[in-house]
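Read in full-length UniProt numbering, the sequence shown has 148 at position 148, and its numbers run on one by one without any break. Note that the Cβ used here is the ideal one computed from N, Cα and C, for glycine as well. Being a predicted model, the structure only gives us computed values, none of them experimental. Worksheet: one structure, shown below.
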Amino acid sequence: MRRVNGTALIIAALVATLGALAFPMWSYADRSGTGPANLAAGSVSTQWGPLSAADRDLLVKVRLAGLWEIPAGQQAVERAPTEAIKEAGDHLIVGHTDLDQRARTTAAKLGVELPNQPTEQQQGWLKELTEASGETYQRKFANLLRVAHGKVFSVVAQVRDTTRNSLIRQLATDANQTVLDHITMLEATGLVDFDGIANDAASNATASPSGPPPPSGGTPPEPVPARPSGDISTTSRPSPGPPGQINTGRPEPQM
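The following block contains the structure:
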(Lines of atoms letter the chains of each structure in order from A; the text may use other names.)
(Lines give C-alpha, C1' and ligand atoms only; values in the text may rest on other atoms or scores of the structure.)
Protein backbone atom coordinates (compact mmCIF):
# COMPACT_ATOMS: atom_id res chain seq x y z
CA MET A 1 0.00 0.00 0.00
CA ARG A 2 2.84 2.37 0.86
CA ARG A 3 4.52 1.54 -2.50
CA VAL A 4 1.30 2.43 -4.39
CA ASN A 5 0.90 5.67 -2.49
CA GLY A 6 4.54 6.59 -3.19
CA THR A 7 4.16 5.93 -6.91
CA ALA A 8 1.00 8.04 -7.00
CA LEU A 9 2.80 10.94 -5.32
CA ILE A 10 5.66 10.75 -7.82
CA ILE A 11 3.24 10.76 -10.77
CA ALA A 12 1.32 13.69 -9.30
CA ALA A 13 4.55 15.64 -8.83
CA LEU A 14 5.61 14.99 -12.42
CA VAL A 15 2.22 16.13 -13.74
CA ALA A 16 2.39 19.31 -11.66
CA THR A 17 5.90 20.04 -12.89
CA LEU A 18 4.95 19.55 -16.54
CA GLY A 19 1.91 21.75 -16.04
CA ALA A 20 4.02 24.52 -14.55
CA LEU A 21 6.44 24.37 -17.48
CA ALA A 22 3.70 24.32 -20.10
CA PHE A 23 1.55 27.10 -18.62
CA PRO A 24 3.81 30.00 -19.65
CA MET A 25 3.81 28.73 -23.24
CA TRP A 26 0.01 28.41 -23.31
CA SER A 27 -0.58 31.84 -21.82
CA TYR A 28 2.28 33.76 -23.46
CA ALA A 29 0.17 35.08 -26.35
CA ASP A 30 -2.22 36.69 -23.84
CA ARG A 31 0.47 38.41 -21.79
CA SER A 32 1.29 42.09 -22.19
CA GLY A 33 4.53 42.81 -23.97
CA THR A 34 3.95 40.45 -26.89
CA GLY A 35 3.52 41.70 -30.44
CA PRO A 36 -0.24 41.00 -30.69
CA ALA A 37 -0.84 42.48 -27.24
CA ASN A 38 1.09 45.65 -28.07
CA LEU A 39 -0.75 45.98 -31.38
CA ALA A 40 -4.11 45.65 -29.64
CA ALA A 41 -3.14 48.09 -26.88
CA GLY A 42 -2.00 50.73 -29.40
CA SER A 43 -5.02 50.43 -31.70
CA VAL A 44 -8.39 52.17 -31.65
CA SER A 45 -11.54 51.13 -33.46
CA THR A 46 -12.83 53.18 -36.40
CA GLN A 47 -15.47 52.57 -39.07
CA TRP A 48 -12.61 52.03 -41.56
CA GLY A 49 -10.90 49.38 -39.44
CA PRO A 50 -8.51 49.38 -36.45
CA LEU A 51 -6.11 52.32 -36.37
CA SER A 52 -2.71 51.31 -34.97
CA ALA A 53 0.12 53.39 -33.56
CA ALA A 54 2.09 52.76 -36.77
CA ASP A 55 -0.86 54.06 -38.80
CA ARG A 56 -0.97 57.28 -36.79
CA ASP A 57 2.80 57.64 -37.06
CA LEU A 58 2.57 57.46 -40.85
CA LEU A 59 0.03 60.29 -40.87
CA VAL A 60 2.38 62.45 -38.83
CA LYS A 61 5.39 61.60 -41.01
CA VAL A 62 3.52 62.46 -44.21
CA ARG A 63 2.46 65.78 -42.74
CA LEU A 64 5.98 66.60 -41.56
CA ALA A 65 7.36 65.69 -44.97
CA GLY A 66 5.19 68.28 -46.66
CA LEU A 67 6.06 70.94 -44.10
CA TRP A 68 9.76 70.93 -45.01
CA GLU A 69 9.94 69.42 -48.49
CA ILE A 70 7.47 71.84 -50.08
CA PRO A 71 9.63 74.84 -49.03
CA ALA A 72 12.73 72.92 -50.17
CA GLY A 73 11.11 72.38 -53.56
CA GLN A 74 10.11 76.03 -53.85
CA GLN A 75 13.66 77.05 -53.04
CA ALA A 76 15.03 74.71 -55.71
CA VAL A 77 12.71 76.13 -58.38
CA GLU A 78 13.78 79.68 -57.50
CA ARG A 79 17.51 79.17 -56.93
CA ALA A 80 18.82 76.07 -58.69
CA PRO A 81 21.16 76.77 -61.63
CA THR A 82 20.19 73.61 -63.54
CA GLU A 83 16.91 72.42 -65.00
CA ALA A 84 17.28 68.97 -63.44
CA ILE A 85 17.23 70.41 -59.91
CA LYS A 86 14.40 72.78 -60.78
CA GLU A 87 12.34 69.90 -62.16
CA ALA A 88 12.99 67.79 -59.07
CA GLY A 89 11.91 70.73 -56.92
CA ASP A 90 8.71 71.11 -58.94
CA HIS A 91 7.88 67.43 -58.37
CA LEU A 92 8.39 67.93 -54.63
CA ILE A 93 5.96 70.86 -54.60
CA VAL A 94 3.25 69.14 -56.63
CA GLY A 95 3.60 65.73 -54.98
CA HIS A 96 3.68 66.85 -51.36
CA THR A 97 0.99 69.49 -51.80
CA ASP A 98 -1.40 66.77 -52.96
CA LEU A 99 -0.19 64.21 -50.41
CA ASP A 100 -0.40 66.73 -47.58
CA GLN A 101 -4.04 67.46 -48.43
CA ARG A 102 -4.82 63.74 -48.46
CA ALA A 103 -3.08 63.27 -45.10
CA ARG A 104 -4.97 66.14 -43.47
CA THR A 105 -8.30 64.88 -44.80
CA THR A 106 -7.56 61.37 -43.56
CA ALA A 107 -6.39 62.62 -40.16
CA ALA A 108 -9.57 64.66 -39.71
CA LYS A 109 -11.73 61.60 -40.36
CA LEU A 110 -9.70 59.45 -37.97
CA GLY A 111 -9.32 62.09 -35.26
CA VAL A 112 -5.51 62.23 -35.43
CA GLU A 113 -3.83 65.52 -34.50
CA LEU A 114 -1.10 66.62 -36.91
CA PRO A 115 1.84 69.02 -36.44
CA ASN A 116 1.84 72.47 -38.03
CA GLN A 117 5.56 73.08 -38.38
CA PRO A 118 8.64 71.03 -39.27
CA THR A 119 10.72 69.42 -36.56
CA GLU A 120 13.81 71.21 -35.30
CA GLN A 121 15.97 68.82 -37.33
CA GLN A 122 14.00 69.48 -40.50
CA GLN A 123 14.29 73.22 -39.95
CA GLY A 124 18.04 72.68 -39.69
CA TRP A 125 18.09 70.97 -43.07
CA LEU A 126 16.19 73.87 -44.64
CA LYS A 127 18.63 76.31 -43.08
CA GLU A 128 21.55 74.28 -44.44
CA LEU A 129 20.10 74.44 -47.94
CA THR A 130 19.39 78.16 -47.62
CA GLU A 131 22.98 78.90 -46.69
CA ALA A 132 24.46 76.83 -49.55
CA SER A 133 24.90 77.99 -53.14
CA GLY A 134 26.03 76.82 -56.58
CA GLU A 135 27.34 73.28 -56.91
CA THR A 136 27.36 72.81 -53.15
CA TYR A 137 23.66 73.65 -52.98
CA GLN A 138 22.78 71.25 -55.77
CA ARG A 139 24.60 68.33 -54.17
CA LYS A 140 23.14 69.03 -50.75
CA PHE A 141 19.66 69.24 -52.21
CA ALA A 142 19.93 66.04 -54.24
CA ASN A 143 21.55 63.92 -51.53
CA LEU A 144 19.75 65.20 -48.45
CA LEU A 145 16.34 64.72 -50.03
CA ARG A 146 17.28 61.42 -51.69
CA VAL A 147 18.37 59.95 -48.35
CA ALA A 148 15.20 61.25 -46.68
CA HIS A 149 12.94 59.65 -49.28
CA GLY A 150 14.90 56.40 -49.24
CA LYS A 151 14.47 56.03 -45.48
CA VAL A 152 10.73 56.54 -45.58
CA PHE A 153 10.21 54.30 -48.61
CA SER A 154 10.47 51.11 -46.53
CA VAL A 155 8.34 52.62 -43.74
CA VAL A 156 5.49 53.37 -46.14
CA ALA A 157 5.71 49.86 -47.58
CA GLN A 158 5.60 48.34 -44.10
CA VAL A 159 2.47 50.24 -43.14
CA ARG A 160 0.87 49.49 -46.51
CA ASP A 161 1.51 45.79 -45.91
CA THR A 162 0.26 45.56 -42.31
CA THR A 163 -2.43 48.20 -41.79
CA ARG A 164 -5.99 47.05 -41.16
CA ASN A 165 -7.42 50.52 -41.81
CA SER A 166 -8.69 51.18 -45.34
CA LEU A 167 -8.04 54.95 -45.21
CA ILE A 168 -4.44 54.42 -44.12
CA ARG A 169 -3.98 51.74 -46.77
CA GLN A 170 -5.03 54.19 -49.48
CA LEU A 171 -2.81 56.94 -48.06
CA ALA A 172 0.15 54.57 -47.96
CA THR A 173 -0.50 53.64 -51.57
CA ASP A 174 -0.52 57.30 -52.59
CA ALA A 175 2.58 58.03 -50.49
CA ASN A 176 4.43 55.10 -52.03
CA GLN A 177 3.82 56.42 -55.55
CA THR A 178 4.80 59.97 -54.59
CA VAL A 179 7.99 58.95 -52.80
CA LEU A 180 9.08 56.74 -55.69
CA ASP A 181 8.48 59.59 -58.16
CA HIS A 182 10.61 61.94 -56.05
CA ILE A 183 13.39 59.38 -55.71
CA THR A 184 13.42 58.96 -59.47
CA MET A 185 13.59 62.71 -60.10
CA LEU A 186 16.35 63.26 -57.54
CA GLU A 187 18.42 60.45 -59.05
CA ALA A 188 17.89 61.95 -62.52
CA THR A 189 19.96 64.97 -61.43
CA GLY A 190 23.08 62.79 -61.62
CA LEU A 191 24.25 64.12 -58.26
CA VAL A 192 23.13 61.34 -55.90
CA ASP A 193 25.96 59.62 -54.02
CA PHE A 194 24.91 55.97 -54.37
CA ASP A 195 28.13 54.71 -52.79
CA GLY A 196 27.46 56.81 -49.72
CA ILE A 197 23.89 55.52 -49.44
CA ALA A 198 25.01 51.88 -49.82
CA ASN A 199 27.84 52.24 -47.31
CA ASP A 200 25.55 53.95 -44.82
CA ALA A 201 22.99 51.13 -45.14
CA ALA A 202 25.71 48.51 -44.75
CA SER A 203 27.09 50.15 -41.61
CA ASN A 204 23.63 50.20 -40.03
CA ALA A 205 22.74 46.61 -40.97
CA THR A 206 22.35 44.18 -38.07
CA ALA A 207 23.39 41.14 -40.09
CA SER A 208 25.27 40.47 -43.29
CA PRO A 209 23.08 38.93 -46.01
CA SER A 210 24.46 35.73 -47.48
CA GLY A 211 23.24 36.51 -50.99
CA PRO A 212 23.84 34.32 -54.03
CA PRO A 213 27.24 32.71 -54.60
CA PRO A 214 29.88 34.71 -56.45
CA PRO A 215 29.82 34.41 -60.27
CA SER A 216 32.99 32.27 -60.14
CA GLY A 217 31.00 29.47 -58.52
CA GLY A 218 31.71 30.26 -54.91
CA THR A 219 35.51 30.19 -54.93
CA PRO A 220 36.72 33.04 -52.75
CA PRO A 221 39.23 35.42 -54.33
CA GLU A 222 42.88 35.24 -53.43
CA PRO A 223 43.79 37.51 -50.52
CA VAL A 224 45.38 40.81 -51.55
CA PRO A 225 48.79 41.43 -49.99
CA ALA A 226 48.92 44.32 -47.56
CA ARG A 227 50.30 47.52 -49.05
CA PRO A 228 53.24 49.34 -47.52
CA SER A 229 52.28 51.76 -44.82
CA GLY A 230 53.13 54.73 -47.01
CA ASP A 231 50.98 53.64 -49.95
CA ILE A 232 47.49 55.16 -50.12
CA SER A 233 45.04 52.56 -51.43
CA THR A 234 41.98 53.76 -53.23
CA THR A 235 40.28 50.49 -52.33
CA SER A 236 40.65 50.92 -48.61
CA ARG A 237 39.87 54.62 -48.31
CA PRO A 238 36.86 56.40 -49.78
CA SER A 239 37.60 59.33 -52.04
CA PRO A 240 36.80 62.69 -50.52
CA GLY A 241 34.23 63.28 -53.28
CA PRO A 242 33.34 66.57 -54.90
CA PRO A 243 32.82 69.73 -52.87
CA GLY A 244 29.50 69.92 -51.06
CA GLN A 245 28.99 66.17 -50.75
CA ILE A 246 26.63 65.31 -47.94
CA ASN A 247 28.22 63.98 -44.77
CA THR A 248 26.69 60.55 -44.24
CA GLY A 249 27.43 60.73 -40.51
CA ARG A 250 24.59 63.12 -39.84
CA PRO A 251 21.29 61.98 -38.25
CA GLU A 252 19.18 60.07 -40.73
CA PRO A 253 16.49 62.19 -42.33
CA GLN A 254 12.89 61.09 -42.00
CA MET A 255 11.02 61.60 -45.20
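Around L58, the same chain offers V159 as residues with beta carbons nearer than 6 angstroms, after the five sequence neighbours per side are excluded. The C-alpha of A142 is placed about 9 angstroms away from the C-alpha of M185.
DSSP lists L51 as the beta-bridge partner residues of V44.
Exposed is the label assigned to S166, since fewer than 16 other Cβ atoms lie within 10 Å of its Cβ. By the beta-carbon neighbour count (other beta carbons within 10 angstroms, threshold 16), P71 is buried. In the same chain as T178, and ignoring 5 residues on each side of it, the C-beta atoms closer than 6 angstroms to its own belong to G95 and L99, in chain order.
V152 and G111 have their alpha carbons spaced roughly 23 angstroms apart. Counting only residues of its own chain and dropping the five nearest sequence neighbours on each side, Q122 has a CB closer than 6 angstroms to the CB of W68.
The beta carbons of I183 and R139 sit no closer together than 8 angstroms. In the displayed model, A175 falls within a helix according to three-state DSSP. Collapsing the DSSP output to three states places S133 in coil.
G89 is a Cβ neighbour of A76, given a cutoff of 8 angstroms. Inclusion of G73 and L92 in the CB contact set at 8 angstroms is warranted, their separation being smaller than that value. By the criterion of a C-beta distance shorter than 7 angstroms, L39 is surrounded in its chain by S52, once the five residues flanking it on both sides are discounted. Just measuring C-alpha positions, the residue of T163, D195, A202 and S203 sitting nearest S45 is T163.
L180 is classed as exposed because its beta carbon has fewer than 16 other beta carbons within 10 Å across all chains shown.
Taking 8 angstroms as the cut-off, the beta carbon of A172 is found closer than this to the beta carbon of V156. Put simply, the backbone Cα of A37 is about 14 angstroms away from that of A54.
By the criterion of a C-beta distance shorter than 7 angstroms, D174 is surrounded in its chain by L99 and R102, once the five residues flanking it on both sides are discounted. In this structure, the CA atom of D200 is about 38 angstroms from the CA atom of K109. In chain order, K140 place their CB closer than 7 angstroms to the CB of E128, counting only its own chain and leaving out the 5 sequence neighbours on each side. For V62, the three-state secondary structure derived from DSSP is helix. In the three-state DSSP reduction, P118 falls in the coil class, being neither helix nor strand.
8 angstroms or more divides the Cβ of L126 from the Cβ of V60. G134 counts as exposed, since fewer than 16 other beta carbons sit within 10 angstroms of its beta carbon.
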